[in-house]
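Take this note's numbering: the last position of the sequence shown gets the number 376, and nothing is skipped along the way.
Think of the CB as a built atom: it goes at the ideal place given N, C-alpha and C, for glycine as much as any other residue.
What follows is one structure encoded as structure tokens, with my remarks underneath.
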Amino acid sequence: MRPVADFGDTLLVGTAAVRRDSGQHNILLMGHRDTVFGKGEAARRPFHIAGDRAYGPGIADMKAGLVMNAFVLAAFQKFAPDIPVVAMMTGDEEIGSQASLSHIDEEARYARAVFNAEPARPTGNFVSGRKGGFTYRFEIGGKAAHAGVNFAEGASAIGELAHKITALHALTDVQQGITLNVGRVSGGSSTNTVAAKASGEDGCSLRRWRAARPLDCRYRGDLCPFDRSGHENHVRAPERIPAAGPDAGQCCAFHHLSRSRGSLGFGNIRRVHRRMR
Ligand SMILES: [Zn+2]
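Here you go:
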């Protein structure tokens with residue numbers, strides 16, 4: 100168990116052969132046990148089984164995946180304990196895995212393969228990659244003044260925010276899979292006061308993770324210190340969700356899965372790319 104301060108702890112359990120001293124050795128089964136629902140949802144719709152189906156919040160995404168991982172783990176422990184399989188259950192996936200990211204990074208370093216038990220689509224298609232992203236929060240400080248009496252002495256944080264939004268949105272490049280969206284803003288105190296404060300949040304998503312660093316540099320270096328007429332800008336360290344895309348190992352695993360499904364009489368499946376936001 101790896102403690103997490105504000106969300107569910109990260110739980111780890113593995114077969115006897117799991118090692119963390121010899122490079123990429125283990126097979127890592129990933130899963131999360133948090134859901135997207137608000138407090139009280141489990142009390143309103145408690146877990147129950149009717150017929151051969153289980154019901155409750157998050158039953159598909161992804162309690163079913165955790166149950167599957169538990170059975171996989173138990174099967175390897177019983178029939179092939181020399182295969183190093185470790186299962187990780189996190190508690191903050193639906194809000195971006197920020198608290199458990201270091202645990203995932205660390206465990207993945209000792210893994211030669213990682214499988215995530217997210218639910219497939221109703222067609223059987225499954226998610227083989229996802230866009231990565233950042234969430235930025237920024238604050239702008241201006242200078243308050245009475246808008247009717249001494250307007251010229253003020254510096255509007257909201258005016259500055261408007262420039263910033265336009266500039267940030269201009270970083271979007273749909274062809275390259277990069278989108279930047281200022282999705283929340285607030286500021287000001289009254290209509291006859293030049294706004295002394297404004298703030299905003301934007302979500303940036305990108306398909307190729309190698310674009311993350313240049314984008315972050317442009318965001319911080321070019322855009323944040325507008326600093327015209329006495330404005331101050333503060334950008335908090337972004338929350339990040341790394342992108343994960345298809346690679347050679349994943350293609351190999353996909354073809355193996357496809358063949359196995361075919362031999363069991365299931366239809367064709369496709370891979371789909373998941374957007375984070
Ligand atoms: Zn999920």
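| Query | Result |
| --- | --- |
| Taking 6 Å as the cut-off, is the CB of M161 close to at least one heavy atom of ligand 1? | yes |
| Taking the beta carbon of R376 as the centre, do at least 16 other beta carbons fall within 10 Å, making it buried, or is it exposed? | At R376 the pLDDT is 41, less than 50, meaning the model places this residue with poor confidence and gives no usable figure here. |
| By the DSSP assignment, the alpha helix (DSSP H) with H268 in it spans what residues? | A256 to H268 |
| Work out the CA separation of F175 and A116 for me, nearest whole Å. | 10 Å |
| Between A210, D133 and M167, which lies nearest to T189 when the distance is taken from Cα to Cα? | D133 |
| Are there any heavy atoms of ligand 1 lying less than 6 Å away from the beta-carbon of E140, as far as the coordinates show? | no |
| Output yes or no for whether 7 Å exceeds the beta carbon distance between R347 and W308. | According to the sequence shown, residue 347 is Ala rather than Arg. Cβ atoms of A347 and W308: not closer than 7 Å. |
| Where does S199 land, buried or exposed, given buried means 16+ other C-beta within 10 angstroms? | buried |
| Verify the contact flag: E300, CB atom, against every heavy atom of ligand 1, threshold strictly below 6 Å. | no |
| Need the endpoints of the beta strand (DSSP E) that E300 sits in, please. | K296 to L305 |
| Tell me which residue opens and which closes the alpha helix (DSSP H) that R144 is part of. | Here R144 belongs to no alpha helix (DSSP H), and DSSP marks it neither H nor E. |
| Taking Cβ to Cβ, would you say S298 is nearer than 7 Å to S285? | yes |
| Could you tell me how far apart the beta carbons of A243 and A295 are, in whole angstroms, since I believe they sit closer than 8 Å? | 4 Å |
| Taking the alpha carbon of M129 as the reference point, which residue from G240, I203 and G155 has its own alpha carbon closest? | I203 |
| Check each candidate in H262, I257, Q274 and R236 and name the one with the smallest Cα separation from V334. | R236 |
| Identify the residues that DSSP records as bridge partners of Y154: which are they? | H147 |
| Any idea what DSSP makes of S285, helix, strand or coil? | strand |
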